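Report on the structure given below.
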Amino acid sequence: MRKILILLGSEWSPGSICVNAVIGELIDRGYEVHCVVNRLEGPAERNIYGAVIHKILPPLGVRFSQWKLTHPGKTAKFLHRLVSFLRRIKLLMLLPVWPLGFPLYSRRFLKEAEKLHRRFSFDLILSVYSPFETLLAGHRFKKRHPEVLFVPYMLDALSASGVPRFMSEQATVKKGLAWEHRLFSNADRIVIMESMTGHYERFAANEAYYERLITLGIPLLLRPFENGAESSPILLPGKINLVYTGSIPYNIRKPEYFLEIFSLLKIPDCVLTIIGYCTNPKVLRQSKDRSKNPIRIFDPVSHSEILDVLANADIFVNIGNNTPHMIPSKIFEYMSYGKPIISTCPIPDEPCIPYLRQYPLALLLSEDFSQTERDARAADLFISGSLGKTTEFDALSSKMYKNTPQAFADVIDKLF
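If you read the sequence shown in this note's numbering, its first letter stands for residue 962, the second for the next number, and so on.
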């Protein structure tokens, strides 16, 4: 039996949802799968759906954020400000080696991988980006164990991610390409997303690793669970429930345009439910207070609760990215349910556009604040005309095979 070690970041990140889908397919094909995640609570090792999950400590900032949730009060607020200030200082000090922000975190991944390899003798190590620290740990592990296959799994492009504070876009690309040149040098294959192909053709065509790039999609085009709950306590019964799930990093995803469109909708009984963390919560609160139609905002919930929400939602909402190389994984989870999707497009080459144009029940809205009345009318017509309709899953999965877990598992099969 072939053994695979996966280095993952947070157990609840969007990347982990993609990896969970892939793990299920790998196990079905007879692989033994181990996964290293960061987590504070729980046993050091546990079995979930056939995969063995191993725990390491997350970065200190993450640990403090979780501590703060259970320790309200002035002391916690003061410590939060202090830790935030110290973190900014640290990020400035580490700017020359960006995106390496947590050297000890990467070391913990490597140390755990070495310990597990002595126990299980892995055939392949898979580093899931992001976080960056999994890539660095996988690269260093491969240098020590050249007989083990090394595959970076790039759900985003390191050299085309969001631009951090204190850095220009040009510097971000330059540093990202330099790190990719180094980290991909000993990779056996590098799995990238379809939305990144143009970027790598432009910047990496002359790199030695270019021929080892494998292009796939986000592997979340899955047949929905048929035993999902018949209702969700989060949604309002008897209403037309529009739902957005996932994070809203404000430097990448700005929700104002859709919130304005939603406030102008004339179709009755529409409710917008937003579930996830926003880095600029003030924008959501202000829109909620101004909107003529009700907006409900929830903190992140477990993925099982999200699945119940998706199963009972009427319309899915996607807030488009302002960078062309970062496709949100949620779009394929949305499509799996076959329900109508409304998506905003802040840039002409927004990464979801090629996929949603293949999807029969999608409305794409180019962000233009001079045309909000027009787009609100289009949204009204779309909602009334598509409510209750679904698209056929088998035809969709055949058309978009690269976005299935089976396509990823095929790549792994061919390595052995």
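In this text, a Cβ means the ideal position worked out from N, Cα and C, and glycines have one as well.
All of these numbers come straight from a predicted model, not from anything done at the bench.
Straight-line CA distance for residue i to residue j?
i	j	result
Tyr1362	Ile1314	17 angstroms
Thr943	Met962	Nothing about residue 943 can be read from this structure; the chain reaches only from 962 to 1377.
Ile1017	Ala1148	24 angstroms
Tyr1227	Ile1256	For the record, residue 1227 in the displayed sequence is Lys; it is not Tyr. Computed Cα separation, rounded: 15 angstroms.
Arg1000	Met1296	30 angstroms
Cys979	Cys1306	23 angstroms
Lys1291	Val997	23 angstroms
Leu968	Gly985	16 angstroms
Glu1353	Leu1181	16 angstroms
Ala982	Leu966	15 angstroms
Ala1118	Gly1199	42 angstroms
Ile1233	Ser971	The residue asked about is misnamed: residue 1233 is Leu in this sequence, not Ile. Using only the alpha carbons, I get a separation of about 28 angstroms.
Arg1184	Ser1331	39 angstroms
Asn1282	Asp1371	29 angstroms
Ile1151	Arg1101	16 angstroms
Glu1073	Gln1247	45 angstroms
Ser1252	Glu1191	29 angstroms
Asn1167	Pro1092	26 angstroms
Leu1056	Arg1048	12 angstroms
Phe1046	Tyr1171	40 angstroms
Cys1231	Phe1063	44 angstroms
Leu1043	Leu1271	39 angstroms
Asp989	Lys1243	45 angstroms
Which residues mark the beginning and the end of the beta strand (DSSP E) in which residue i is found?
i	result
Ala1323	Ala1323 to Ser1327
Pro1107	First-last for Pro1107: undefined, no H or E at that position.
His995	Glu993 to Asn999
Val1232	Cys1231 to Ile1236
Ile1256	Ile1256 to Phe1259
Just list the residues that DSSP pairs residue i with in beta bridges.
i	result
Phe1277	Val1204 and Ile1302
Thr1176	Ile1153
Met1115	Tyr1090 and Ile1153
Leu969	Looking at the DSSP assignment, Leu969 forms no beta bridge with any residue, so it has no partner.
His1015	Val997 and Glu1006
Cys1239	Ile1209
Lys964	Glu993
Leu1085	Ile965 and Leu1110
Quick check on the DSSP output: the alpha helix (DSSP H) that includes residue i runs from which residue to which?
i	result
Ile1292	Lys1291 to Ser1297
Leu1348	Unbroken run through Leu1348: none, as it is neither H nor E.
Ser1067	Pro1064 to Phe1081
Arg1007	Note, Arg1007: premise wrong, no alpha helix (DSSP H); beta strand (DSSP E) at Glu1006 to Ile1009.
Ser1248	Pro1242 to Arg1251
Leu1225	Glu1217 to Leu1225
Lys1136	Glu1130 to Leu1144
Arg1163	Thr1158 to Phe1164
Ile1314	Ile1314 to Leu1317
Lys1375	Pro1366 to Leu1376
Phe1354	Phe1354 to Lys1360
Give a yes or no on whether the C-beta atoms belonging to residue i and residue j are separated by under 9 angstroms.
i	j	result
His1078	Ala1121	no
Gly1237	Leu1116	no
Val1109	Leu1085	yes
Leu1071	Pro1113	no
Phe1277	Ile1303	yes
Leu1348	Asp1275	yes
His1286	Met1154	yes
Ser1193	Asp1269	yes
Lys964	Phe1111	no
Pro1216	Leu1245	yes
Ile1288	Tyr1205	no
Lys1350	Lys1300	yes
Ile1235	Ile1209	yes
Leu995	Phe1083	Going by the sequence as given, residue 995 is His instead of Leu. Going by C-beta atoms, His995 is nearer than 9 angstroms to Phe1083.
Is it right to say residue i is buried, meaning 16 or more other beta carbons lie within 10 angstroms of its own, or is it exposed?
i	result
Gly1178	buried
Thr1240	exposed
Lys1375	exposed
Ser974	buried
Ile1373	buried
Phe1219	buried
Arg1265	Residue identity check: residue 1265 is Ser in the sequence provided, not Arg. Ser1265 should be labelled exposed.
Ala1098	buried
Asn1188	Residue placement at Asn1188 is poorly supported in this model, since its pLDDT is 46, which falls under 50; the coordinates still yield a value, given next. Burial call: exposed.
Ala1337	buried
Leu1197	exposed
Met1157	buried
Ile1344	buried
Ile1267	buried
Thr1365	buried
Asn1202	buried
Gly1011	exposed
If we cut at 9 angstroms on Cβ distances, does residue i have a partner in chain B?
i	result
Ile1288	This model lacks chain B altogether; it includes just one protein chain.
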